[in-house]
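Worksheet for the structure shown next.
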Amino acid sequence: MSPAETRPLVEIKDIRKSFGPLEVLKGISMDVAQGDVVAIIGRSGSGKSTLLRTINGLETFDSGSISVDGTPVIGGEKELKALRRKVGMVFQQFNLFPHLTAAENVALAPKVVLGAGAKEQAETAREMLEKVGLGDKLGNYPSQLSGGQQQRVAIARALAMHPKVLLCDEITSALDPELVNEVLRVVETLAKDGMTLILVTHEMRFARDVGSKLVFMHHGKVHEEGDPKTLFAKPGTPELAQFVGSIG
Amino acid sequence: MRKLDFSALLPYADALVEGLIFTVVLTLVSTLAGIAVGTVGAWARTSGPRWAGGLVAAYVEVIRNTPFIVQLFFIFFGLPAAGVKLSEASAAFLAMTINLGAYSTEIIRAGIDATPKGHWEAGLSLAMSRFEVFRHVVLAPAFKKVWPALSSQIIIVMLGSSVVSQISAEDLTYAANFIQSRNFRAFEVYFLVTALYLALSIAMRAALAALGAKLFPKV
Ligand SMILES: Nc1ncnc2c1ncn2[C@@H]1O[C@H](COP(=O)(O)OP(=O)(O)OP(=O)(O)O)[C@@H](O)[C@H]1O
Ligand SMILES: [Mg+2]
Numbered sequence: 001m002s003p004a005e006t007r008p009l010v011e012i013k014d015i016r017k018s019f020g021p022l023e024v025l026k027g028i029s030m031d032v033a034q035g036d037v038v039a040i041i042g043r044s045g046s047g048k049s050t051l052l053r054t055i056n057g058l059e060t061f062d063s064g065s066i067s068v069d070g071t072p073v074i075g076g077e078k079e080l081k082a083l084r085r086k087v088g089m090v091f092q093q094f095n096l097f098p099h100l101t102a103a104e105n106v107a108l109a110p111k112v113v114l115g116a117g118a119k120e121q122a123e124t125a126r127e128m129l130e131k132v133g134l135g136d137k138l139g140n141y142p143s144q145l146s147g148g149q150q151q152r153v154a155i156a157r158a159l160a161m162h163p164k165v166l167l168c169d170e171i172t173s174a175l176d177p178e179l180v181n182e183v184l185r186v187v188e189t190l191a192k193d194g195m196t197l198i199l200v201t202h203e204m205r206f207a208r209d210v211g212s213k214l215v216f217m218h219h220g221k222v223h224e225e226g227d228p229k230t231l232f233a234k235p236g237t238p239e240l241a242q243f244v245g246s247i248g
Numbered sequence: 001m002r003k004l005d006f007s008a009l010l011p012y013a014d015a016l017v018e019g020l021i022f023t024v025v026l027t028l029v030s031t032l033a034g035i036a037v038g039t040v041g042a043w044a045r046t047s048g049p050r051w052a053g054g055l056v057a058a059y060v061e062v063i064r065n066t067p068f069i070v071q072l073f074f075i076f077f078g079l080p081a082a083g084v085k086l087s088e089a090s091a092a093f094l095a096m097t098i099n100l101g102a103y104s105t106e107i108i109r110a111g112i113d114a115t116p117k118g119h120w121e122a123g124l125s126l127a128m129s130r131f132e133v134f135r136h137v138v139l140a141p142a143f144k145k146v147w148p149a150l151s152s153q154i155i156i157v158m159l160g161s162s163v164v165s166q167i168s169a170e171d172l173t174y175a176a177n178f179i180q181s182r183n184f185r186a187f188e189v190y191f192l193v194t195a196l197y198l199a200l201s202i203a204m205r206a207a208l209a210a211l212g213a214k215l216f217p218k219v
């Protein structure tokens, strides 16, 4: 095998990041292979969101390096655009564009960034929304959808750019409990289809059953990582044991 | 008081209609141009390079803290000294555009500032540039939010346009001044012109509300 093929899809090397005097990421390294489903867990304030956001350049970092599919994460607008073509992101608050329908939300980036024509836009919107089970909601505005449906539109919107890796930051935390499962099922399907996923989540059962790798962050460091089922059954550190115990 | 006689205005109907049309056209054109200036200004203030934001901030402060009539006089009487000579109508258009441009910069900026950070981040995450996010994601909801404020400002500019009669731009007020200097029917002519401005305001308010409902449908 050539080195390119063995190279991880996402390579994070010794990332450090401070907000003013507060060091939030204290030297994080992590490799994510093609098809991995990485679940990041940890206490509030441990740096999970910050780490995730450095991967697509929404957050800068002070030292270390990140690359996605060979594209390094660096400053300028052109470089970030190239990077973000490969990295999708889904947010806790959905962040759908309120003045656009579900279909328009999904088709906007293909139109603006890829120059897709009207027909291609319509096809992409339909295909992606069908994939998340919303083939009948193309014309609905975000305000006409439930939280779970909005989050599924947000997933479809990210998928429309055919990212190599999808970042999800607590995407079920803003949902009513009865709506969580419909979103998790979509993510599970993506995982089964081979999508590379990095998820920050509080859904421990989901992390155990769907994740291929578990990362426990603690005080800005990767405190423990490994196979989810093994780690949940037998945490290697008292901190993870306590965290798993407190979540239940 | 002598008897009222509105028929004394009849011979001047043409002048009134022409003045009215001038006022309406001047308002429409400088509204479009002023909002374009305001949109660019708001972009510079919120998302543009530092120097551009600073420049626009200075422009807005100068315009908001000086009387409109002085701005108008500067453009019409002052600029020729610098070699820029404008017709009455062009000077009126320019003064109104610059004036509305400054106020609408501030109004539109407020709408942009109210955009949730998450909308920017979602747009950027989809590989759009900052300008593309501004154009396709931020602008429409921002306009929708500030449309009532913007509409009021447009009415204010329309009413303020009466001042352009002072440089002999032939608007509705100019027509009124002209007519009463001829027939000395000040009460009748200013009564009628007051009613016309009032009708114009009401009509514009309704038109702007309808336009807003069409451009930014409630969902
Ligand atoms: N923009 C910012 N400016 C200053 N401090 C910040 C900023 N963003 C995050 N922080 C701080 O960095 C630390 C890590 O935040 P982060 O959001 O990464 O935590 P998290 O693990 O995602 O927590 P949660 O589970 O609550 O989402 C926190 O102490 C937070 O207050
Ligand atoms: Mg977080």
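If you read the sequences in order, they're chains Y and E. Counting in the working numbering, the first sequence runs from 1 upward without gaps. Counting in the working numbering, the second sequence runs from 1 upward without gaps. Think of the CB as a built atom: it goes at the ideal place given N, C-alpha and C, for glycine as much as any other residue. Keep in mind it's a predicted model, so treat the numbers as computed, not measured.
Query                                                                                                                                                         : Result
Beta-carbon within less than 8 Å of E:MET128's beta-carbon, same chain only, minus the 5 sequence neighbours each way: which residues are those?              : HIS136, VAL137
Does the beta-carbon of Y:LYS111, which I'm using as the reference point, lie nearer than 7 Å to any heavy atom of ligand 2?                                  : no
Quick check: is any heavy atom of ligand 1 less than 7 Å from the C-beta of E:GLY38?                                                                          : no
Go to Y:GLY167, then tell me how far its beta strand (DSSP E) extends in each direction, as first and last residue.                                           : Note that residue 167 of chain Y corresponds to Leu in the displayed sequence, not to Gly. Note, Y:LEU167: beta strand (DSSP E), 165-169.
From what residue to what residue does the beta strand (DSSP E) around Y:THR196 run?                                                                          : 196-200
Whole angstroms is fine: what's the gap from Y:THR124's alpha carbon to Y:ALA118's?                                                                           : 10 Å
Examine the Cβ distances between the segment 53-64 of chain E and the segment 87-97 of chain E and report whether three or more of them are shorter than 8 Å. : no
Ligand 2 and Y:VAL215: does the residue's C-beta get closer than 7 Å to at least one heavy atom of that ligand?                                               : no
Along the segment 95-122 of chain E, where does the CB come closer than 7 Å to a CB of chain Y? Name the residues.                                            : GLY118, HIS119, GLU121, ALA122
Does the CB of Y:ARG126 have a neighbour CB from chain E at under 8 Å?                                                                                        : no
Is the separation between the beta-carbon of E:ILE63 and that of E:ALA122 shorter than 8 Å?                                                                   : no
Roughly how many angstroms separate the alpha carbons of Y:VAL187 and Y:ASN181, rounded to a whole number?                                                    : 10 Å
Identify every residue that forms a DSSP beta bridge with Y:PRO72.                                                                                            : Y:SER67
Among residues of its own chain, excluding the 5 on either side of Y:MET1, which ones have a beta-carbon nearer than 7 Å to its beta-carbon?                  : Here Y:MET1 scores only 44 on pLDDT, less than 50, and its place in the model should not be relied on; the value that follows carries that caveat. Counting only Cβ-Cβ distances below 7 Å, and skipping sequence neighbours, we find nothing.
With 8 Å set as the bound, which would you pick, yes or no: does the beta-carbon of E:LEU126 sit closer than that to a beta-carbon of chain Y?                : yes
For ligand 2, is there a heavy atom less than 7 Å away from the beta-carbon of Y:LYS249?                                                                      : The question about residue 249 of chain Y has no answer, for chain Y in this structure spans 1 to 248.
How should E:PRO67 be labelled, buried or exposed, when 16 other C-beta atoms within 10 angstroms of its C-beta is the threshold for buried?                  : exposed
Would you kindly report the start and end of the unbroken alpha helix (DSSP H) that includes Y:ALA39?                                                         : Taken as a continuous stretch (DSSP letters only), Y:ALA39 belongs to no alpha helix (DSSP H), being part of the beta strand (DSSP E) at 37-42.
Taking only the alpha-carbon atoms, compute the straight-line gap between Y:LYS78 and E:GLN166 and give it to the nearest angstrom.                           : 52 Å
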